[in-house]
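**Q**
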Amino acid sequence: PFTDCYGSENVTATKTGGVIKSHNDFGSSPYLNNMDCYWHVSVPVGQRIAFRFTHLNTTTNDTVTVFDGSNGSAVLLSTSGSFNGVIVSSANTATVWFKKNSVHRGYGFALWLQEVDNGVNNICGRIIFTNLSNGVIESHKGYNATSMSAYAPNLACLWTLPKRPGFYIYLFIETFYLSMGDCLKIVTKPSSTGNDPGSDEDLQYCSTYFGRNVHWVTTGDAQISFTTDNLYDSIGFSIQFYYEQACPSVQKWDSDNGEVVTHTNAGKTHYLNNMTCDLLISVSPDKTVIAWFTFSDMHSSDRFAIYDGVSGSPFYHGYYPPTETAVRSITSIMRFRFTTDASKHSYGLRMRYSIAENFCYHRKVLQARQGEFFDHNNSSSPNYLKRLFCEWIIIAPLGYSVVAQFTSFSLCSIDSVAMYDGLHRIHSPTIASFSGRFKLNSVKSRIIVSKSNTMLVYFTVSGPSTTCSGFGLKYNTTEKFCQGTELLTNDTGELASHSSAGIMASSFSSDCYWVIRVSPSKRVVARFTFYNLTSSSESVTLYDGTYHHSTRLTTLKSSFADINRYFISSKNVLTVQLQIKSYSQSLGIKMKYEASDAFCKGYKLITGGSGEISSHQGAVTLNYTSKMSCKWQFVGKPGIQISAKLIYLNLASYSYYNIFALYQGSDNTRLVTIRGGNSRWPTEFLTVSNILTVVFIARQPANELGFRLQYSFVDNVEPATTSLKQASSTTARAVVSSPSSPATAKIVSDTSSAPESTTTGKLSQTEPATTSSNEASSTTARAVVSSPSSPATAKIASDTSSAPESTTTENEESLPSYVLALAIAVPSAAIAINAAIVGIVIHKYLQNLKRLKSHTNSNTKTSDGPYAPGTASAENNEGSYWYLKADNVGNAAEKNPGEFEYDYICMKSRGDPQLNTSAAS
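Residue numbers (this note's numbering): 19 to 939.
Structural data, given as structure tokens:
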């Protein structure tokens with residue numbers, strides 16, 4: 019049944035064509051058994067039908083028959099197995115019949131059918147020149163291979179192409195279709211000389227349905243004849259012809275780029291037999307030639323040869339050379355020879371050439387700080403060449419790395435490019451390697467970095483057949499990645515994981531150390547200006563000193579974000595360690611550091627003006643260090659007082675041996691001593707003399723922030739002068755303010771004058787005034803309590819007055835009236851708070867009065883005694899110590915000046931060993 023056949027039983031052919039199939043899966047699966055199919059084909063009246071098999075595979079007894087009209091009419095074609103021609107119906111109808119007769123099955127057929135014009139093409143075609151050297155000859159007027167216009171019966175056509183001196187004629191027929199009884203002949207017209215070397219034998223195609231790719235050459239006249247009978251028609255042919263030169267008209271090329279061919283249209287037409295061509299290439303004198311074949315089609319008996327220079331032996335020769343394969347001379351001249359014999363011919367050779375610099379070849383050294391290179395210059399060839407082994411060596415300055423990134427990448431599958439960290443492939447580690455299996459996006463996203471200052475890029479072409487467009491690579495040598503351990507010895511500077519930290523991620527693992535070593539008397543203060551680690555396995559560790567030999571300050575991970583945080587060493591060395599993994603997405607770190615004074619500067623003399631001193635550089639924000647002893651001495655002109663304000667103080671709470679002290683006057687009277695552990699202190703001071711000394715001692719390690727003190731030189735606000743003949747007496751007055759008022763301790767000495775001191779590297783010692791033997795010295799202490807609303811001021815005044823010589827013993831001494839007045843005058847609201855003050859004043863006065871009276875002004879060795887009452891012995895308090903407890907204090911921790919906690923103000927007439935600046939060295 020027809021249901022086993024494909025398509026419709028009735029088919030209409032069109033100008034654009036159609037197809038009849040034996041079954042649906044023709045060509046891939048066999049047709050069914052017992053098939054018996056008819057297709058009735060028609061076109062408009064006056065037109066004809068052309069048939070051509072595009073696929074035919076039937077067994078011997080299975081046939082396809084085409085009838086010229088309805089079933090049973092004249093047979094146009096009956097075939098089994100194969101048929102390559104074209105058949106044309108005589109009218110507007112035809113029938114196709116497929117009959118399965120054998121037990122075996124084939125894969126069926128596909129029959130192309132198309133409407134063609136009726137026999138109006140009864141005129142021979144003519145010779146048409148498209149230019150002076152080539153053209154076309156068609157079998158009949160209206161020939162069209164696409165529309166399959168049929169030629170007419172009873173045609174007799176003849177065409178002649180005359181020969182030209184220096185040229186040969188090449189004919190080419192891509193496809194021809196003839197019918198039974200029709201004939202096509204191509205011959206060399208006999209010449210008068212009868213000698214046409216290189217000509218092919220005559221061609222003749224008669225009763226041949228189909229032919230293709232016909233090549234024919236002659237050095238004589240070409241004669242083409244075409245005849246048809248009156249039975250069957252077909253669609254004819256088209257002949258292309260060329261007038262070719264046996265060797266190129268140009269046989270010497272002297273440009274730096276060009277193309278050499280075996281004949282004019284090499285690759286399109288055939289070369290001539292029995293010829294020899296010598297071609298010369300000459301480029302710039304300081305260049306060399308690189309050449310490669312872009313087309314190669316030679317007969318095995320023909321030969322080519324390439325010479326380096328004009329003469330000598332060829333360094334490359336043979337037949338059928340591979341394309342896209344590089345051939346390079348060592349001179350600026352290359353000679354090419356092409357020789358053929360009399361047997362057969364083919365399409366010949368096309369060879370391009372260029373100067374070798376346009377292609378990678380062997381080794382190139384690149385020392386520019388940045389740049390870009392390609393495996394070849396695209397203007398010379400769209401693809402790279404075979405037989406290339408190229409190396410680029412990129413050299414950066416010492417201490418820097420080479421950073422590279424692909425800008426283009428298209429390699430054939432087994433070709434590859436590799437990067438090495440060094441100068442040699444064998445002895446250098448591989449950084450990265452990419453074959454043609456990698457795609458551009460995956461390669462372009464990679465940043466390749468060398469750890470050394472050199473990178474070797476090696477490109478090898480291994481593919482035997484085709485080549486690809488190659489690659490481009492940009493690089494810079496200004497990128498510095500951390501490598502190993504780096505010593506930084508400047509007092510200020512910066513460090514970074516790599517030069518483009520914050521912009522570009524690192525591409526290889528790093529375990530880097532920076533050892534920052536500043537001046538010996540300083541310490542390192544560091545802060546991150548950029549920090550970006552993305553993996554939990556990456557970290558930055560800081561060590562207080564050199565690595566493995568010091569305390570670890572901290573280890574920072576990817577979560578760290580406080581770039582305002584300061585990291586401070588206790589010594590002059592800080593080590594930073596960075597650990598980062600391979601191909602990390604982290605943008606790295608940047609850090610700034612500077613040297614900070616860890617110690618104050620020993621002794622400093624200040625003689626006027628106003629300003630500020632501090633325990634160390636960065637006080638209040640940075641910790642001070644241990645083992646330092648510093649002294650500042652303020653010396654004004656006679657009549658000048660020094661005002662001091664302690665605006666910040668922070669001593670180590672656990673260290674009793676970290677001390678801040680103030681001394682005033684020429685006898686070095688100690689105004690206040692504050693030791694570590696105290697939380698409150700006086701904040702303002704005013705000397706009565708023109709000399710003030712500040713001492714800061716740190717004998718133990720501390721994590722505290724030191725002190726800041728403001729000072730100014732002012733006119734004497736309470737001048738008091740007495741005769742040198744008067745006896746000297748010292749008066750101490752303590753004034754206590756209300757709890758809410760600012761804390762001020764004012765120390766006033768009524769000494770009339772102080773001799774100018776000669777300043778040296780040590781604290782100057784001015785001899786105290788000497789009294790007459792007929793005069794006696796007495797000391798009076800008065801404590802005055804101010805109103806609750808007045809500013810908190812502790813004022814210690816020295817009143818000089820005459821006193822007769824007394825022989826009163828300690829047991830006979832009575833309490834002076836102003837001391838008793840102190841106890842009486844204290845307001846009831848302050849009695850509980852100040853009872854200890856009054857008791858200490860009375861006790862110490864009675865205990866030391868006798869010593870004060872019997873004291874001489876001879877230099878006496880003194881030692882630092884205890885700073886709490888009742889703990890001193892007679893031995894360790896030699897030198898007239900006396901103590902006064904001050905009630906106007908500041909609070910370091912709570913900053914509430916009205917709260918009353920008392921530190922000891924220890925005053926003595928002699929120097930204090932703590933002023934020895936070498937004590938803590």
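Even for Gly, the Cβ is constructed at its ideal location relative to N, Cα and C. As the structure is a prediction and not an experimental result, all values here were calculated from the model.
Helix, strand or coil for residue 940? Go by DSSP, reduced to three states.
**A** The question about residue 940 has no answer, for the chain in this structure spans 19 to 939.
**Q** By DSSP, does residue 668 sit in helix, in strand, or in coil?
**A** Correct three-state label for residue 668: strand.
**Q** Which two residues bound the contiguous beta strand (DSSP E) that contains residue 146?
**A** 145-147
**Q** Which of helix, strand or coil does DSSP assign to residue 135?
**A** strand
**Q** Can you tell me whether residue 223 is buried or exposed? The criterion is at least 16 other CB atoms within 10 Å of its CB, across all chains shown.
**A** The residue is buried, with at least 16 neighbouring Cβ atoms inside 10 Å.
**Q** Could you give the DSSP three-state label for residue 401: helix, strand or coil?
**A** Correct three-state label for residue 401: coil.
**Q** Could you tell me the distance, in whole angstroms, from the CA atom of residue 622 to the CA atom of residue 584?
**A** 29 Å
**Q** Using a Cβ distance threshold of 8 Å, determine whether the region 379-390 contacts the region 510-522, with at least three qualifying pairs required.
**A** no
**Q** Counting only the same chain and skipping the five closest in sequence on each side, list residues whose C-beta sits under 6 Å from that of residue 362.
**A** 317
**Q** Rounded to whole angstroms, what is the Cα-Cα separation between residue 336 and residue 315?
**A** 12 Å
**Q** If you drop the 5 nearest sequence neighbours on each side, which residues of the same chain put their C-beta closer than 6 Å to that of residue 293?
**A** The beta carbon of residue 293 lies closer than 6 Å to those of 264, 358 in the same chain, with the five residues before and after it left out.
**Q** Grouping DSSP H, G and I as helix and E and B as strand, with all else coil, what is residue 375?
**A** Reduced to three states, the DSSP call for residue 375 is helix.
**Q** Does the contact criterion of 3 or more C-beta pairs under 8 Å hold for the region 273-281 versus the region 239-250?
**A** no
**Q** I'd like to know whether the C-beta atoms of residue 242 and residue 167 end up nearer to each other than 8 Å.
**A** no
**Q** Inspect the CB distances between the region 75-87 and the region 118-131 and report whether three or more fall short of 8 Å.
**A** yes
**Q** Going by C-alpha distance, which of 677, 141, 399 is nearest residue 944?
**A** Because the chain in this structure spans residues 19 to 939, residue 944 falls outside the shown range and cannot be described.
**Q** Mind checking whether residue 290 and residue 266 have CB atoms under 8 Å apart?
**A** no
**Q** Apart from the five residues on each side of it in sequence, which residues of its chain come closer than 6 Å, Cβ to Cβ, to residue 534?
**A** 506, 542, 592, 611
**Q** Taking the beta strand (DSSP E) that residue 642 belongs to, which residues open and close that run?
**A** Where residue 642 is concerned, there is no enclosing beta strand (DSSP E), given that its DSSP letter is neither H nor E.
**Q** Excluding the 5 residues flanking residue 94 on each side, which residues of the same chain have their C-beta closer than 6 Å to its C-beta?
**A** 84, 86, 105
**Q** What is the DSSP secondary structure of residue 22, reduced to helix, strand or coil?
**A** helix
**Q** Just to confirm, are residue 393 and residue 489 a CB contact at a threshold of 8 Å?
**A** Judged by beta-carbon spacing, residue 489 lies within the 8 Å limit of residue 393, meaning their Cβ atoms are closer than that value.
**Q** With DSSP run on the structure shown, which of helix, strand or coil describes residue 420?
**A** strand
**Q** Excluding the 5 residues flanking residue 374 on each side, which residues of the same chain have their C-beta closer than 6 Å to its C-beta?
**A** 306, 308, 346
**Q** Determine which residues share a DSSP beta bridge with residue 649 and list them.
**A** 621, 713
**Q** Taking only the alpha-carbon atoms, compute the straight-line gap between residue 273 and residue 301 and give it to the nearest angstrom.
**A** 6 Å
**Q** Tell me which residue opens and which closes the beta strand (DSSP E) that residue 29 is part of.
**A** 28-30
**Q** Which partner residues of residue 336 appear in the DSSP bridge assignment?
**A** 322
**Q** Bridge partners for residue 389 per DSSP, in chain order?
**A** Note: residue 389 sits in a beta bridge opposite 493.
**Q** Counting Cβ pairs, one atom from each stretch, are 3 or more of them under 8 Å apart for the region 706-723 and the region 668-683?
**A** yes
**Q** With DSSP run on the structure shown, which of helix, strand or coil describes residue 39?
**A** strand
**Q** The beta strand (DSSP E) spanning residue 101 covers which residue range?
**A** No beta strand (DSSP E) holds residue 101; DSSP gives it neither H nor E.
**Q** For residue 431, which residues from the same chain have a beta carbon less than 8 Å from its beta carbon, with the 5 sequence-adjacent residues on both sides left out?
**A** Around residue 431: 453, 454, 455, 481.
**Q** Out of curiosity, what's the CA-to-CA distance linking residue 887 and residue 694?
**A** Residue placement at residue 887 is flagged as unreliable, the pLDDT there being 29, under the threshold of 50; the coordinate-derived value follows with that caveat. Cα to Cα, the separation comes out at about 18 Å.
**Q** Can you tell which of 403, 189, 154, 451 has its C-alpha closest to the C-alpha of residue 462?
**A** 451
**Q** Whole angstroms is fine: what's the gap from residue 207's alpha carbon to residue 218's?
**A** 12 Å
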